[in-house]
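If you're matching them up, the sequences are chains E and P in order. Each residue of the first sequence is one higher than the last, beginning at 21 in the numbering used here. Each residue of the second sequence is one higher than the last, beginning at 968 in the numbering used here. The beta carbon of each residue, even a glycine, is placed where N, CA and C say it ideally should be. So the structure is just underneath, and the comments pick up after that.
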Amino acid sequence: MPQVVVDVVLKPEISDPQGQAVLGALGRLGHIGVTSVRQGKHFVLEVDGTPNEAELQQIAETLLANPVIEDVELHLPTD
Amino acid sequence: MRIGVITFPGSLDDVDAARAVRLAGGEAVALWHGDHDLRGVDAVVLPGGFSYGDYLRAGAIAARSPLMQDVVAAAGTGLPVLGICNGFQVLCEAGLLPGALHRNAHLHFRNRDQQLRVERADTTWTSSYEGGQVITVPVKNGEGRYVAAPADLERIEGEGRVAVRYVGGNPNGSLNDIAGVTSENGRIVGLMPHPEHAVEALTGPSTDGLGFFTSVLTAVVAA
């Protein structure tokens, strides 16, 4: 069954305290080369038949992400 | 005066909100998220809690529930709506109020009595207060940090949409100390702190919260 992947991350101008907490932990573990962490969400959708890009884009932008504070990226299956 | 209180799966403060409505002199009407029936109420309160376990984003699933479609439609024709804590998150997710609520800056759940300054005493839900009045009500949230992109924040401030602001310390890192906002017409208000927990001397830090519930009764009678 075709899989569609949707990635959601906070817009760059919205601060991400969870990402900052991860960055802090990395620093304590000695990974000082990592200078920024942004935490997001990763959705995997299985769809019947050929994915309808317009419908999936709408799903991504109106439910999976909150466009007020998040950016969304849709990845359709490449065959 | 019939004030509806919506219960979602995971609502916690619906009983306190209904009690606050009754103490203010209104009739509290229980509404269920899964119905398509506002039961002829004159106003609606969305209570605090953790609807759908805060899955996806706080308030996101509840904002798409059957009854919320009716609330959005009725709000468009002037139905007064108050969202408290999770209810505020639902109103932002439903697009009825600007901005969004995100994880507290310090990542801790914060529960304390909180001072607020009433910035707008001319909304349907705040007319019992004086402009600039400082009130004390409990605040309790883990995802209560009010955020918006810089351009949106400028517009929200420019339009005077901030209804209440934190004073005496910001509990969650909300931008510009914003605790609550209003719709353009002043009939929809959302705030993270809990006025319904400050309506009786026995259980609250004050009775300052009662004003939200008396305000709407005055407004509905006048209308």
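Which word fits residue i, buried or exposed, when buried means at least 16 other C-beta atoms lie within 10 angstroms of its C-beta?
i         : result
P/Asp1004 : exposed
P/Arg1132 : buried
P/Glu1060 : buried
P/Val1188 : exposed
P/Ser1032 : buried
E/Pro87   : exposed
P/Asp983  : buried
E/Asp68   : exposed
E/Ala80   : buried
P/Asn1108 : buried
P/Tyr1022 : exposed
E/His95   : exposed
E/Pro32   : exposed
P/Pro1047 : buried
P/Thr1170 : exposed
P/Val1038 : buried
P/Thr1044 : exposed
P/Pro1162 : buried
P/Phe1076 : exposed
E/Gln23   : exposed
P/Leu1074 : exposed
How many Å lie between residue i and residue j at the Cα?
i         : j         : result
P/Ser1150 : E/Arg58   : 31 Å
E/Thr82   : P/Ala1168 : 43 Å
P/Ile1028 : P/Pro1014 : 15 Å
P/Ser1095 : E/Pro71   : 54 Å
P/Thr1174 : P/Ala1088 : 17 Å
E/Pro97   : P/Ala1025 : 30 Å
P/Ala1072 : P/Glu1110 : 9 Å
P/Leu1184 : P/Arg1006 : 17 Å
P/Leu1083 : E/Leu49   : 41 Å
P/Leu1177 : E/Asp91   : 39 Å
P/Ile1051 : P/Leu1142 : 18 Å
P/Thr1181 : P/Arg989  : 10 Å
P/Met968  : E/Gln40   : 48 Å
P/Val1244 : P/Pro1117 : No statement about residue 1244 of chain P is possible, as the shown extent of chain P runs from 968 to 1190 and does not include it.
E/Ser100  : P/Arg986  : There is simply no residue 100 of chain E to check, as chain E begins at 21 and stops at 99 in what is shown.
E/Val54   : E/Val25   : 26 Å
E/Ala45   : P/Arg1154 : 45 Å
P/Trp999  : P/Leu1034 : 7 Å
P/Ile973  : P/Gln1056 : 14 Å
P/Asp1009 : P/Gly992  : 14 Å
E/His51   : E/Val28   : 25 Å
P/Ala1042 : E/Glu73   : 32 Å
P/Asn1078 : P/Val1166 : 17 Å
P/Arg1122 : E/Ile89   : 15 Å
P/Val1129 : E/Gly47   : 38 Å
P/Gly1054 : P/Met1159 : 8 Å
P/Ala1067 : P/Asn1139 : 13 Å
P/Gly1144 : E/Gln77   : Sequence check: residue 1144 of chain P is Asp here, not Gly. Going from the Cα of P/Asp1144 to the Cα of E/Gln77 covers about 34 Å.
P/Leu1064 : P/Val1085 : 18 Å
P/Glu1126 : P/Val1101 : 22 Å
P/Ala995  : P/Thr1103 : 24 Å
Looking at the unbroken beta strand (DSSP E) that takes in residue i, where does it start and where does it end?
i         : result
E/Glu93   : Glu90 to His95
P/Asn1053 : Element bounds for P/Asn1053: not the beta strand (DSSP E) but the alpha helix (DSSP H), Asn1053 to Glu1060.
P/Ala991  : Run containing P/Ala991: none in the beta strand (DSSP E); it sits in the alpha helix (DSSP H), Asp981 to Ala991.
P/Ala997  : Glu994 to Trp999
P/Leu1083 : Arg1077 to Val1085
P/Ala1072 : Premise fails: P/Ala1072 is in no beta strand (DSSP E) and is neither H nor E.
P/Arg1006 : That residue, P/Arg1006, is in no beta strand (DSSP E); it is neither H nor E in DSSP.
P/Gly971  : Arg969 to Thr974
I'd like the span of the alpha helix (DSSP H) that includes residue i, first residue to last.
i         : result
P/Leu1177 : Leu1177 to Ala1189
E/Leu76   : Glu73 to Ile79
For a contact meaning CB atoms closer than 7 Å, what does residue i contact in chain A?
i         : result
P/Glu1124 : Among the protein chains of the structure shown, namely E and P, there is no chain A.
Item checked: Whole alpha helix (DSSP H) elements within the region 1009-1048 of chain P, 4-residue minimum -> Taking only runs of at least 4 residues, the alpha helix (DSSP H) segments lying wholly in the region 1009-1048 of chain P are 1033-1042.
Check: Are there three or more Cβ pairs, one per stretch, closer than 8 Å when the region 976-994 of chain P is compared with the region 1013-1021 of chain P?
Finding: By the Cβ criterion, the region 976-994 of chain P is in contact with the region 1013-1021 of chain P, since at least three pairs of Cβ atoms, one from each stretch, lie closer than 8 Å.
Next item on the list: With a floor of 4 residues, list each alpha helix (DSSP H) that falls wholly inside the region 29-63 of chain E, ordered by position along the chain.
Entry: As for any alpha helix (DSSP H) of minimum length 4 sitting wholly inside the region 29-63 of chain E, the runs are 37-48, ordered along the chain.
Notebook entry, point to check: What alpha helix (DSSP H) runs, 4 residues minimum, are completely inside the region 1087-1163 of chain P?
Noted result: Counting only runs of 4 or more, we get 1117-1125.
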